[in-house]
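Working notes, structure below.
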Amino acid sequence: MLGRDLVDVLRSAGANVVGLGHADLDITSAPSVAATLDDVDPDVVVNCAAYTAVDAAETDEGAALLLNGIGPAVLASRIAERPGVRLVQISTDYVFPGDAIAPYDEDASTGPRSAYGRSKLAGELAVREALPDRGLVVRTAWLYGEHGPNFVSTMLRLEREKDTLDVVDDQRGQPTWTRDLAAFVHRLVEADAPAGAYHGTSSGETTWFGLAQEVFSLAGADPSRVRPTTTDKFPRPAPRPAYSVLGHGAATAASVAAIRTWVDGLHAAFATGRL
13 MLGRDLVDVL RSAGANVVGL GHADLDITSA PSVAATLDDV DPDVVVNCAA
63 YTAVDAAETD EGAALLLNGI GPAVLASRIA ERPGVRLVQI STDYVFPGDA
113 IAPYDEDAST GPRSAYGRSK LAGELAVREA LPDRGLVVRT AWLYGEHGPN
163 FVSTMLRLER EKDTLDVVDD QRGQPTWTRD LAAFVHRLVE ADAPAGAYHG
213 TSSGETTWFG LAQEVFSLAG ADPSRVRPTT TDKFPRPAPR PAYSVLGHGA
263 ATAASVAAIR TWVDGLHAAF ATGRL
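Structure (structure tokens):
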């Protein structure tokens with residue numbers, strides 16, 4: 013979902029982009045990574061590959077760690093051998109415990125409470141250790157877009173299928189359009205932003221209930237058909253962060269514009285028909 017939008021956004025900006033799927037490159041294989049780097053000879057590598065089945069990771073943490081932790085470590089170690097090449101590693105709000113009451117700064121203490129979060133944190137640490145001067149970690153959250161399953165597309169489908177929906181109203185976060193995140197990554201690279209962690213989420217915050225109501229409204233449906241409920245009504249194997257709001261101080265310090273508000277991003281996604 014992110015990878016396809018990133019390739020499209022970068023090419024539209026005039027960048028020379030090579031987009032590779034999992035069938036083209038095994039990021040957990042050092043020989044495969046080395047051969048691809050030799051063939052493509054990139055200036056910047058953006059790793060969008062990820063194991064994102066949050067609940068499945070609770071019973072198969074090894075698979076999550078392989079793709080989210082070991083894969084980035086392999087990429088970073090091979091890129092470290094190539095002077096000047098930068099790596100952008102996409103990470104997640106799940107590296108934080110999710111119990112804050114104010115937006116998490118980029119240097120806030122991590123403390124993942126799920127297997128998925130632990131695997132993504134392992135990838136972050138590997139990249140920053142191998143590429144202390146050339147590795148960028150971009151944490152994001154609540155992604156939606158046209159190229160994969162996501163909450164917004166699910167709400168659009170359920171609006172057609174059900175009279176009413178119960179949606180949790182006690183988890184707060186920042187719905188983020190993948191095209192907005194792609195543009196943010198492009199801005200970071202173009203600005204030659206310093207190595208370190210950045211937060212690539214929309215500005216503002218809402219709940220899943222608030223997002224669902226906005227989706228219904230944009231779809232021309234009555235938002236009152238969405239009813240608020242609590243997380244405990246929908247038990248899941250992996251704990252969900254109650255508070256996933258991320259601050260954007262690092263981007264500001266690097267003179268890189270943060271992503272627009274989640275409402276503006278959602279309206280743009282609808283207006284362009286990219287959902």
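Heads up, the numbering used here is the position in the sequence shown plus 12, with the first residue counted as 1.
The beta-carbon is built from N, C-alpha and C at its ideal position, and this holds for glycine as well.
Of the residues the options, the one placed nearest residue i, counting alpha carbons only
{"i": "THR264", "options": "ARG199, THR218, LYS174 and ALA283", "result": "ARG199"}
{"i": "GLY285", "options": "TRP189, VAL197, PRO240 and ALA205", "result": "TRP189"}
{"i": "PHE163", "options": "VAL107, PHE221, GLU217 and GLY129", "result": "PHE221"}
{"i": "THR71", "options": "ARG248, ARG272 and GLU118", "result": "ARG248"}
{"i": "ASP51", "options": "ALA25, VAL30 and PRO144", "result": "VAL30"}
{"i": "ALA250", "options": "GLY208, CYS60 and THR64", "result": "THR64"}
{"i": "LEU78", "options": "ALA92, ILE39, LEU49 and ASP67", "result": "ILE39"}
{"i": "ALA231", "options": "ILE271, ALA270, ALA262 and THR166", "result": "THR166"}
{"i": "ASP175", "options": "ARG239, VAL45 and ALA61", "result": "ARG239"}
{"i": "TYR116", "options": "THR273, ALA281, PRO253 and LEU287", "result": "PRO253"}
{"i": "GLU158", "options": "ALA25, VAL21 and ALA281", "result": "ALA281"}
{"i": "ALA266", "options": "ALA112, ALA209 and ARG16", "result": "ALA209"}
{"i": "ALA114", "options": "VAL275, TRP274, SER256 and ASP276", "result": "SER256"}
{"i": "ALA142", "options": "LEU287, LEU193 and ALA92", "result": "ALA92"}
{"i": "LEU49", "options": "GLY185, VAL86 and ARG272", "result": "VAL86"}
{"i": "ASP36", "options": "ALA61, ASP20, ASP234 and ALA233", "result": "ALA61"}
{"i": "TRP274", "options": "ASP204, LEU193 and SER236", "result": "LEU193"}
{"i": "ARG16", "options": "ALA195, ARG146, PRO144 and ALA205", "result": "ALA195"}
{"i": "THR213", "options": "GLU202, VAL201, GLY26 and SER103", "result": "SER103"}
{"i": "VAL57", "options": "ILE82, ARG146 and THR122", "result": "ARG146"}
{"i": "SER236", "options": "THR243, PHE228 and THR242", "result": "PHE228"}
Exposure label - residue i; buried when at least 16 CB within 10 Å
{"i": "GLY33", "result": "exposed"}
{"i": "LYS132", "result": "buried"}
{"i": "ASN80", "result": "buried"}
{"i": "GLU171", "result": "buried"}
{"i": "ALA47", "result": "exposed"}
{"i": "ASN28", "result": "exposed"}
{"i": "HIS211", "result": "buried"}
{"i": "GLY129", "result": "buried"}
{"i": "PHE246", "result": "exposed"}
{"i": "SER126", "result": "buried"}
{"i": "GLY135", "result": "buried"}
{"i": "GLU217", "result": "buried"}
{"i": "GLU226", "result": "buried"}
{"i": "GLY74", "result": "exposed"}
{"i": "ALA169", "result": "The sequence shown places Arg at residue 169, not Ala. Label assigned to ARG169: exposed."}
{"i": "GLY185", "result": "buried"}
{"i": "ALA203", "result": "exposed"}
{"i": "THR25", "result": "The sequence given here has Ala at residue 25, not Thr. Exposed, because fewer than 16 other Cβ atoms sit within 10 Å of the Cβ of ALA25."}
Those residues which DSSP pairs with residue i across a bridge
{"i": "ALA209", "result": "VAL149"}
{"i": "GLY185", "result": "THR218"}
{"i": "THR241", "result": "VAL180"}
{"i": "VAL57", "result": "LEU99"}
{"i": "TYR255", "result": "ARG184"}
{"i": "TYR156", "result": "TRP189"}
{"i": "THR40", "result": "DSSP output for THR40 lists no bridge partner at all."}
{"i": "TYR116", "result": "LEU258"}
{"i": "ILE271", "result": "SER214"}
{"i": "THR104", "result": "THR152"}
9 Å Cβ cutoff met for residue i and residue j
{"i": "LEU18", "j": "VAL197", "result": "yes"}
{"i": "LEU155", "j": "LEU258", "result": "no"}
{"i": "GLN101", "j": "PRO124", "result": "no"}
{"i": "ALA8", "j": "ARG90", "result": "In the structure displayed, the chain extends from 13 to 287; residue 8 sits before or after that span and is not available."}
{"i": "ARG23", "j": "ASP55", "result": "no"}
{"i": "PRO187", "j": "LEU278", "result": "yes"}
{"i": "ARG140", "j": "ALA207", "result": "yes"}
{"i": "ALA283", "j": "SER215", "result": "no"}
{"i": "ARG191", "j": "VAL66", "result": "no"}
{"i": "ALA88", "j": "ALA138", "result": "yes"}
Near the ligand GTP: residue i beta-carbon under 8 Å from a heavy atom
{"i": "VAL149", "result": "Annotation note on the ligand GTP: not contained in the displayed structure, which lists no ligands."}
TODO: Evaluate the contact criterion for the stretch 176 to 183 versus the stretch 209 to 227: three or more CB pairs, one atom per stretch, below 8 Å.
DONE: yes
Open item on the list: When you compare the stretch 102 to 112 with the stretch 142 to 157, are there three or more beta-carbon pairs, one atom per stretch, that lie closer than 8 Å?
Closed with: yes
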